[in-house]
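Asker: Just so you know, we're using this note's numbering here: the sequence shown kicks off at 7 and counts up by one.
By construction, the Cβ of each residue, glycine as well, lies at the ideal position given by its N, Cα and C atoms.
Dropping the structure in here first, questions after.
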Amino acid sequence: MVNSIHVAVGVIVNAMDEVLVAYRPKNKDQGGLWEFPGGKKEKNETIESALEREFLEEIGIQLESYFPILKIKHDYKEYSVILDVWMITGYSKIPMGAEGQTLE
Numbered sequence: 007m008v009n010s011i012h013v014a015v016g017v018i019v020n021a022m023d024e025v026l027v028a029y030r031p032k033n034k035d036q037g038g039l040w041e042f043p044g045g046k047k048e049k050n051e052t053i054e055s056a057l058e059r060e061f062l063e064e065i066g067i068q069l070e071s072y073f074p075i076l077k078i079k080h081d082y083k084e085y086s087v088i089l090d091v092w093m094i095t096g097y098s099k100i101p102m103g104a105e106g107q108t109l110e
């Protein structure tokens, strides 16, 4: 049986139609790639709670409003990923790489 990982990520688009992405550290799985901020859902956590927690941990912002836009399932050789993608429409503070990652 292949392990399944449930992940929540968010898309932030600013007034100039620029999309926020984070550079994944090279020492991590899928390192050296750009990604939307977010992360794995923990046991007994809702996907919405995971999204809010990950945004606070990773880029230091408190989410105020968001809605689901897409769900993707992708099978890798060793595991499967269920990716919930959310459009972030409101948040407080300025996004910054709280875990040392580069944001663009």
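Say yes only if the C-beta of Ile18 is nearer than 8 Å to one or more non-hydrogen atoms of the ligand FAD, and no if none qualify.
Answerer: The ligand FAD is not part of the structure shown, which contains no ligands of any sort.
Asker: Going by DSSP, name the residue or residues bridged to Asp90.
Answerer: Against the sequence shown, residue 90 aligns to sequence position 84. In DSSP, Asp90 forms a bridge with Ala14, Lys77.
Asker: Specify the secondary structure class of Ala56 as computed by DSSP and reduced to three states.
Answerer: Position 50 of the sequence shown holds residue 56. Looking at Ala56 - three-state DSSP - the assignment turns out to be helix.
Asker: So, helix, strand or coil for Glu110, using DSSP?
Answerer: Taking the sequence shown and counting its residues from 1, one reaches residue 110 at position 104. If DSSP states are grouped into helix, strand and coil, Glu110 belongs with coil.
Asker: Starting from Lys46, trace the beta strand (DSSP E) both ways and give me its first and last residue.
Answerer: The sequence position of residue 46 within the sequence shown is 40, counting from 1. First-last of the beta strand (DSSP E) with Lys46: 44–46.
Asker: With DSSP run on the structure shown, which of helix, strand or coil describes Leu69?
Answerer: Position 63 of the sequence shown, counted from the first residue, corresponds to residue 69. Here DSSP, grouped into helix, strand and coil, assigns Leu69 to strand.
Asker: With a threshold of 8 Å, are at least 3 pairs of Cβ atoms found where one atom belongs to the segment 80–87 and the other to the segment 60–72?
Answerer: Segments in contact, no.
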